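Asker: Structure incoming, see below.
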Amino acid sequence: MTKYIGNFFKNKVKFVDNFFEKHFIDMSFRMLFH
Numbered sequence: 001m002t003k004y005i006g007n008f009f010k011n012k013v014k015f016v017d018n019f020f021e022k023h024f025i026d027m028s029f030r031m032l033f034h
């Protein structure tokens, strides 16, 4: 059970990390090309 929760949080953190990275890159491009 604990292992499952650990994996769940790991995946969630990875997803959030990827989301913010993409969002940040998108914002950077908008700043550059505005």
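Using the UniProt record's numbering, you'd call the opening residue of the sequence shown number 1 and step up by one each time. The C-beta atom is built at its ideal place from N, Cα and C for all residues, glycine as well. This one's a predicted model, so the numbers in the text were calculated from it and none came from an experiment.
Could you check the C-alpha separation between PHE8 and MET27 for me, to the nearest Å?
Answerer: Roughly 28 Å separates the two Cα atoms.
Asker: Along the alpha helix (DSSP H) that carries MET27, what are the first and last residues, could you check?
Answerer: 2-33
Asker: Tell me which residues share the same chain as PHE29 and place their Cβ nearer than 8 Å to its Cβ, disregarding the 5 neighbours each side in the sequence.
Answerer: none
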